[in-house]
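Everything on this sheet refers to the single structure shown next.
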Amino acid sequence: MATTDLPAASAAKGNWFERIGAGHFLLAVALLVYPAVASDFFLTQIGGYSLVLGMLALSLMMLAGYGGMVSLAQITVAGVAGYAVAIFGENGANVLGFGWPWWIVVPWAVLLASIASALIGWIAVRTQGIYTIMITLAIATAIFYFAQQNYAIFNGFSGFAGVRAPQFWGVDWRAPLPFYYLCLGIAVLAYVAVLYGARSTFGLTLQAVRDNPRRMRAIGYDVTAHKVFAWFIAGIVAGLAGVLMVWFNGRISPGTIGVGAAINILIIAVIGGMRHPIGPFIGAVVVVLMQTFAIDIVGAQRFNTLIGLVFLAIVFFSPDGILGLWERIKPHLAQEGLRPGG
Amino acid sequence: MAENSVASRLQGTGAFALELEGVGRQFGALVALAGIDMRIAAGERRAVLGSNGAGKTTLFNTITGDFLPTSGRIRFFGEDITTLPAHERIRRGLRRTYQISQLFKGLSVIDSIFLACRGVSRRRFSLLRPAATDVNMVQAQSILHAVHLEAERDILVATLSHGQQRQLEIALALAGAPRFILFDEPAAGLSPTERRDLVAILNALPKHIGYVIIEHDLDVALRVSERVSMMHNGRLFKEGTPEEIENDPEVQEIYLGGRHG
């Protein structure tokens, strides 16, 4: 048995290019050279921002795609990390701002976000389907109003301005080029981790819990514990995105974590598709481009209508998002390629 | 109080895999189980027969913890498991299959069995991918062989035929060193060939693994069991060897509606 396994294993390890896949390789090259052709605006407002929103939608995709739990509280979890950066680091609001160094603040903020996520999950896993959406929306709304009305910790309506990204190794990490690469690095890390994790033991248990929780109990799994742990992991991804988000905006206020923003993350995940971790990033690029340029096309009065129509069209024609659309077109392209002389 | 616990502990030291004492379950006004007393020795193979609605599956559900009994006690190898959550019972060596297959449609066959093996180990939350040499993966591979599903190893569960899904049902119950298994109509919807396969699989189980099987097909039930219990309206009303049960006039009246071929 070992003799039959060995050659296959070494072949798989040796041919790393094939394991990564041509698609991933091309994408990596494109993302790395993107700064060479992009202006500062495209680098930060489109590139960096898409990667941040993509990570947030990725945390939702993990819960919804693998775990069957659709959450509207991912922006809230990111908000916890964002507020933590403002409160424990430095801010310009003269409220709190403990001034901890970034290398303590960042892990601390991400940890707080994941704990918050696990707590939200612990409440939400008692529900299923539409009720999970409702209860996470309720939690997101409650925290939004709490942040808006609490001045002692959250500085109320105005929140915290003047939150700066750190400067170290002689680099200002909020400058367009470094910020883009920072977002890219962390997003790729999250993407690869989710891609790898989907086939890990825990990833399999999560998909099995989605498919049949009753059977999972009947083979020895504590279903609630596995769901809550999934929320914790998703909280790490959302927390990292939250840190980048507050550095990107330079500020955080209740508006950042409002209901509109919460729904925006769901729209991104649905447009991109939740069957594969690349979906949320595709969705993020499309939504960010639309939100940036729809005003130029149809004017300030109607740009949300255009975004809504695109959303409707995608949901109508492909319930699995752009990813699903691609999976439907791909076999036809392959057929074309197979034709002699074609 | 102290005497009671000593007495119950002494009672529990016997070689019984499963002991039910006055186990009852009500759904509102409906009495699904009315005080079931049952003792099954370790390694014993028992069939439970009864008409539809007799309470057989409800009995299984209370034993495995899918829901709790409204009265009575259940012991598993001497330990009181009456109120334990389902997954804790499984970790003690109890397994079950379902009348209607409860599978993971989005996973492959091998991954499903691997999870069933991993379910009773400590690395349930591992964030690493299992290697081909992983002990649970090796176990899964041998179970795959035991239930004749090697050719379907990497196939998505949703694409399996009905018969193959029933085989996978059994595979999930065999994973992770079971001590006692509850089979809920494993032959339901199987072809005659598949039924013969099933009987072979059950008879090939290691001798120390006892089971209770609910089965409407008497041919299957009587060939894979040493004792038979009859259920009717939530009660056990007769127990005996397969021959005794087959020839009992009362049994024939209630369950078979006269003599069967």
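Residue numbers (my numbering), protein chains in the order written: chain Z, 1 to 342; chain S, 1001 to 1261.
Ideal Cβ placement from N, Cα and C applies to all residues, glycine included.
Model, not experiment: these values are computed from the prediction.
The three-state reading of DSSP puts S/I1081 in coil, since its state is none of H, G, I, E or B.
In this structure, the alpha-carbon of Z/M290 lies about 14 Å from that of Z/F281. Linking Z/W108 to Z/G299 through their CA atoms gives a straight-line distance of about 42 Å. S/Q1102 sits in coil when the DSSP states are folded into three classes, being neither helix nor strand. Restricted to the region 68-110 of chain Z, not a single beta strand (DSSP E) segment is unbroken, complete and at least 3 residues in length. Cβ-Cβ distances below 6 Å link Z/P213 to V223 in the same chain, with the five nearest sequence neighbours on each side left out; the list follows chain order. 8 Å or more divides the Cβ of Z/L72 from the Cβ of Z/A234. Closest in alpha carbon position to S/V1031, among S/L1018, S/T1083, S/G1055, S/H1148, is S/G1055.
With contacts defined by Cβ atoms closer than 8 Å, S/E1152 and S/Q1164 form a contacting pair.
Taking each of Z/W231, Z/S59, Z/G47, Z/V310 in turn and checking the Cα distance to Z/Y191, the smallest one comes out for Z/S59. CA-CA distance, S/T1241 to S/I1155, rounds to 41 Å. Taking a contact to require three or more Cβ pairs closer than 8 Å, the region 238-247 of chain Z and the region 162-180 of chain Z qualify as touching.
Residue pairing by DSSP puts S/G1050 in a beta bridge opposite S/M1231. Chain-ordered, the chain Z residues with CB closer than 7 Å to the CB of S/H1087 read R217, G220, Y221, D222. In this structure, DSSP gives S/V1147 a state outside helix and strand, which the three-state scheme calls coil. Taking a cut-off of 8 Å on C-beta distances, the region 1041-1052 of chain S does not touch the region 1101-1111 of chain S, as fewer than three cross pairs fall below it.
Shown here for S/V1224: same chain residues with a beta carbon closer than 7 Å to its own, the five before and five after excluded, namely R1045, V1199, L1202, N1203, I1213 in chain order. Look at Z/F168 here: in three-state DSSP terms it is strand. Taking each of Z/I104, Z/I139, Z/V105, Z/V106 in turn and checking the Cα distance to Z/G121, the smallest one comes out for Z/I139. Close partners of Z/N155 in chain S (Cβ separation under 8 Å) are lacking, with about 37 Å as the shortest Cβ gap. Among the residues facing chain S, Z/F202 is included, as its CB has a counterpart in that chain under 8 Å away. Nearest CB-CB separation between S/Q1102 and chain Z: below the 8 Å threshold.
DSSP places Z/S253 in the coil class of the three-state scheme, outside both helix and strand. Taking 8 Å as the threshold, the shortest C-beta distance from Z/Y196 to chain S falls below it. Under the Cβ criterion (8 Å, minimum of three pairs), the region 199-214 of chain Z does not count as touching the region 77-88 of chain Z. Within chain Z, the residues whose beta carbon sits less than 7 Å from that of S/R1096 are A218, listed in sequence order. The C-beta of Z/Q149 has fewer than 16 other C-beta atoms within 10 Å across all chains shown, which makes the residue exposed. Assignment of S/L1182 by DSSP, reduced to helix, strand and coil, places it in the strand class. Distance check between S/L1218 and each of S/H1145, S/K1207, S/V1251 places S/V1251 closest, using alpha-carbon atoms only.
Straight through space, the alpha carbons of Z/V125 and Z/A208 are spaced by roughly 15 Å. Close partners of Z/F229 in chain S (Cβ separation under 9 Å): F1125. Between S/F1060 and S/R1096, the C-beta gap is smaller than 8 Å, which places the two residues in contact. Judged by DSSP secondary structure, S/F1027 falls within the beta strand (DSSP E) whose first and last residues are 1016-1027. Using a C-beta cut-off of 8 Å, the region 265-275 of chain Z makes contact with the region 310-318 of chain Z, since at least three inter-stretch Cβ pairs fall below that distance. By the criterion of a C-beta distance shorter than 7 Å, S/N1233 is surrounded in its chain by A1054, once the five residues flanking it on both sides are discounted.
Beyond the five residues adjoining it in sequence on each side, S/E1021 comes within less than 7 Å, by CB distance, of D1037, G1072, R1073 in the same chain, given in chain order.
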